[in-house]
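**Q** Take this structure first; my questions come after.
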Amino acid sequence: MYYECMTTHRVVSRDEVKLEIIRVFEKRVKYKKPDLSSLNSAHDGREGDWLTKEMGLSVNGLNEPDFKGFEMKKDSKEKTTFGDWSPDEAIFKGPSKLLHRDNFLEIFGAPNPKKANRYSWSGKVFPNVFDFNEAGQKLEIRKSGICAVYSPEKDLRPNKVPLKFRKRLELAKWNHDSLGKKVERKFNQLGWFRCLKNSKGEYDRIVFGQPINYETFLELFTNGSIFLDCGMYQGNSRPYMTWRAKNNIWDELAEN
């Protein structure tokens, strides 16, 4: 596998890029603890931003690999993110819109007592790929995409949705074509690497992984190894649709 540098147009091999990543890491990051004092404490991704800058890269929201064909991931306690990828269609956005976003959250989400009963589509009410949850929701894998569906018969809550919505509904959909392009643009060029810490909290090593195509991604999602972690809530326009896997899955995907 090869990568063409856009500035020099020199074609370099995957091994050459790996060696460059290791050299940069050892020179700029190794044995450092993240210093987040100058970064926004409310920003969940601040350590990732710190690592990006320390590696000599620019922080951006582009859906592309961080380092010459490799996607970079920081150390995390339990799970590591693939990407924040919103649905292509939903009943709260776009051409399929039936409800205002806040109304959707009040009907299909749940209140959080710790946040003054602010409604969110997260936690127990957000669907998973295995079975219908107590809110009558499930993620289904179809030929055209991954769909979040609602079934009133499976809704076990005492206060179900309003009568006009008590029918089988497609709440949101991620089309295979667009989701596949997002996955493969980030992870299916030269691969990925994770920067990991030691027991002192210092970054001290790198683990590399081979490219991940959408077929592998979908297989891992189907068996629950990859999951969709939603944090959409009232008062914030961000969708927070984060696709993740527990770190043991990343360990299994890592190169020997």
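If you count by the numbering used here, then the sequence shown holds residues -3 to 252, one letter each, in order. We put the CB at the ideal spot given by N, CA and C, even for glycine.
(1) With C-beta atoms as the reference, is residue 125 less than 8 Å away from residue 65?
(2) So residue 26 and residue 199 are supposed to be a Cβ contact under 8 Å. How far apart are they, rounded?
(3) Assuming residue 51 contacts residue 186 (C-beta within less than 8 Å), just tell me the rounded distance between them.
(4) When you compare each of 146, 155 and 175 to residue 140 by their alpha carbons, which one comes out closest?
(5) With DSSP as the reference, label residue 27 as helix, strand or coil.
(6) What residue does the alpha helix (DSSP H) around residue 179 start on, and which one ends it?
(7) Would you mind giving the Cβ-Cβ distance between residue 137 and residue 179, rounded to the nearest angstrom? I have them listed as a contact below 8 Å.
(8) Once the 5 residues before and after residue 202 are set aside, which same chain residues still bring their CB inside 8 Å of it?
(9) Going by the C-beta, is residue 203 closer than 7 Å to any heavy atom of the ligand NAD?
(10) Identify every run of the beta strand (DSSP E) within the segment 157 to 242, keeping only runs that are complete inside it and at least 3 residues long; order them along the chain.
(11) Measuring only the C-alpha atoms, how far is residue 82 from residue 122?
(12) Is the separation between the beta-carbon of residue 32 and that of residue 42 shorter than 8 Å?
**A** To lay it out plainly:
(1) Within the sequence shown, the letter at position 129 stands for residue 125. Within the sequence shown, the letter at position 69 stands for residue 65. Not closer than 8 Å, so no.
(2) What you label residue 26 is simply residue 30 of the sequence shown in a count that begins at 1. What you label residue 199 is simply residue 203 of the sequence shown in a count that begins at 1. That pair is a contact at about 6 Å.
(3) As a first step, residue 51 must be located in the sequence shown, where it is residue number 55. As a first step, residue 186 must be located in the sequence shown, where it is residue number 190. Incorrect: roughly 15 Å between the Cβ atoms, too far for contact.
(4) The sequence position of residue 140 within the sequence shown is 144, counting from 1. Residue 175 is the option with its Cα nearest to residue 140.
(5) Position 31 of the sequence shown holds residue 27. Looking at residue 27 - three-state DSSP - the assignment turns out to be coil, as it is neither helix nor strand.
(6) Position 183 of the sequence shown, counting from 1, holds the residue named residue 179. First-last of the alpha helix (DSSP H) with residue 179: 172 to 183.
(7) Position 141 of the sequence shown, counting from 1, holds the residue named residue 137. Position 183 of the sequence shown, counting from 1, holds the residue named residue 179. Not confirmed; about 14 Å, so no contact.
(8) Here residue 202 corresponds to residue number 206 of the sequence shown, with the count starting at 1. Within the same chain, residue 202 has close Cβ partners 17, 18, 21, 189, 190, 191 and 192.
(9) What this structure holds is no ligand at all, so the ligand NAD is not there to describe.
(10) 165 to 171, 187 to 193, 199 to 205, 222 to 226 and 237 to 242
(11) Position 86 of the sequence shown, counted from the start, is the residue given in the question as residue 82. Position 126 of the sequence shown, counted from the start, is the residue given in the question as residue 122. C-alpha separation (whole angstroms): 14 Å.
(12) Locating residue 32 in the sequence shown gives position 36, where the first residue counts as 1. Locating residue 42 in the sequence shown gives position 46, where the first residue counts as 1. Taking 8 Å as the Cβ cut-off, residue 32 and residue 42 qualify as a contacting pair.
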